[in-house]
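Before any comments, here is the structure.
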Amino acid sequence: MSAMRLVIIALLSLTLISGCSSWRSDPTRDWSASQLYEEAKSALNRGSYDRAVELYETLEARFPFGRHAQQAQLEIAYAYYKAQEPEMAIAAIDRFLQINPRHPHVDYAYYLRGLTNFERDLSFINRWIPQDQSRRDAAPLRDAFEDFGNLVRNFPDSRYSQDARDRMMHLRNMLADHELYIADFYMRRGAWLAAAKRASYVIEHYDQSDAVPQALVIMVRAYRELDMNDLADDALRVLQLNFPEEAQRQRLSHLPQPHRSS
Numbered sequence: 330m331s332a333m334r335l336v337i338i339a340l341l342s343l344t345l346i347s348g349c350s351s352w353r354s355d356p357t358r359d360w361s362a363s364q365l366y367e368e369a370k371s372a373l374n375r376g377s378y379d380r381a382v383e384l385y386e387t388l389e390a391r392f393p394f395g396r397h398a399q400q401a402q403l404e405i406a407y408a409y410y411k412a413q414e415p416e417m418a419i420a421a422i423d424r425f426l427q428i429n430p431r432h433p434h435v436d437y438a439y440y441l442r443g444l445t446n447f448e449r450d451l452s453f454i455n456r457w458i459p460q461d462q463s464r465r466d467a468a469p470l471r472d473a474f475e476d477f478g479n480l481v482r483n484f485p486d487s488r489y490s491q492d493a494r495d496r497m498m499h500l501r502n503m504l505a506d507h508e509l510y511i512a513d514f515y516m517r518r519g520a521w522l523a524a525a526k527r528a529s530y531v532i533e534h535y536d537q538s539d540a541v542p543q544a545l546v547i548m549v550r551a552y553r554e555l556d557m558n559d560l561a562d563d564a565l566r567v568l569q570l571n572f573p574e575e576a577q578r579q580r581l582s583h584l585p586q587p588h589r590s591s
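Here it is as structure tokens:
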């Protein structure tokens with residue numbers, strides 16, 4: 330027998346011995362599905378998220394067709410969410426929805442997806458220190474709005490639907506403020522047409538948001554600068570009709586008045 334074959338046989342033997350030793354030393358090797366689930370749940374509740382994920386994955390691997398395995402798929406997602414690993418949480422939620430489209434907790438899966446996207450770009454510091462929400466990346470906020478919308482449309486009587494509606498209102502204001510932040514950026518650089526388009530987008534897509542009055546103000550100013558006086562007059566009339574107090578306040582701040590042709 331060649332020396333090379335002896336080396337290979339020795340390595341294989343060590344691997345098998347190591348594997349058997351590892352299995353014998355695994356304290357969960359004789360656990361039932363319910364015991365694995367309860368231990369994983371306990372780890373989750375005490376904040377040991379990595380351990381919870383490990384136990385949930387072990388449960389799903391050993392007992393893939395039981396009710397505990399289905400619940401484990403969803404609670405793994407929650408563990409990732411609590412561990413601030415949004416990409417892993419989203420992947421776990423999507424997998425759960427794909428495998429269990431009729432599961433009784435599908436509504437919660439959409440809710441958790443919305444929460445995960447809402448907090449997706451928040452750093453540890455920003456979770457505790459107030460920040461200018463208008464400067465956040467809008468993409469995950471739009472995703473969160475869509476997730477909560479899916480929940481409200483498909484499960485209007487869900488226990489999570491009212492909170493989802495409240496969060497959608499908040500998200501609508503945040504997304505509108507984000508558009509105004511960009512519009513202001515353009516205005517400070519003299520890009521009046523781009524600013525007007527951003528403000529118009531707010532009126533068209535976030536008409537119930539608190540940002541509408543300021544969007545109209547931006548449209549008036551931008552269209553005046555572009556000598557598009559008819560559009561400026563239209564925006565100002567809408568502002569005066571629907572938000573007279575804001576129109577009055579802006580007039581005192583020298584907001585240009587409707588153009589009158591001679």
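Everything in the sequence shown is counted per our numbering, starting at 330 for the first residue and increasing by one. Note that CB positions come from ideal geometry on N, CA and C, so glycine has one too.
Contact check, Y440 vs A493 under 8 angstroms by CB: the rounded distance? 6 angstroms
N429, enclosing alpha helix (DSSP H) - first and last residue: Taken as a continuous stretch (DSSP letters only), N429 belongs to no alpha helix (DSSP H), as it is neither H nor E.
Report all residues from its chain with a CB closer than 8 angstroms to the CB of V567; omit the five preceding and five following residues, and keep chain order. L545
In three-state DSSP terms, what is G376? coil
Around the Cβ of R431, are there at least 16 other Cβ atoms within 10 angstroms (buried) or fewer (exposed)? exposed
Would you kindly work out how many angstroms separate the C-alpha atoms of Q495 and A524, rounded to a whole number? Note on residue identity: the sequence assigns Asp, not Gln, to residue 495. Rounded to the nearest angstrom, the two C-alpha atoms are 29 angstroms apart.
Quick one: what does DSSP say Q413 is sitting in, helix, strand or coil? coil
Proximal residues to F572 (C-beta, below 8 angstroms), its chain only, five neighbours per side dropped: V541, P542, L545
With a threshold of 7 angstroms, establish whether the CB of D492 neighbours any heavy atom of the ligand PLP. What this structure holds is no ligand at all, so the ligand PLP is not there to describe.
Range covered by the alpha helix (DSSP H) that runs through D528: The sequence shown places Ala at residue 528, not Asp. Counting along the chain, the alpha helix (DSSP H) containing A528 begins and ends at 521–534.
Candidates L403, D562, D379, Y515: closest to P433 by CA position: L403
Per DSSP, what kind of secondary structure is G478 in: helix, strand or coil? helix
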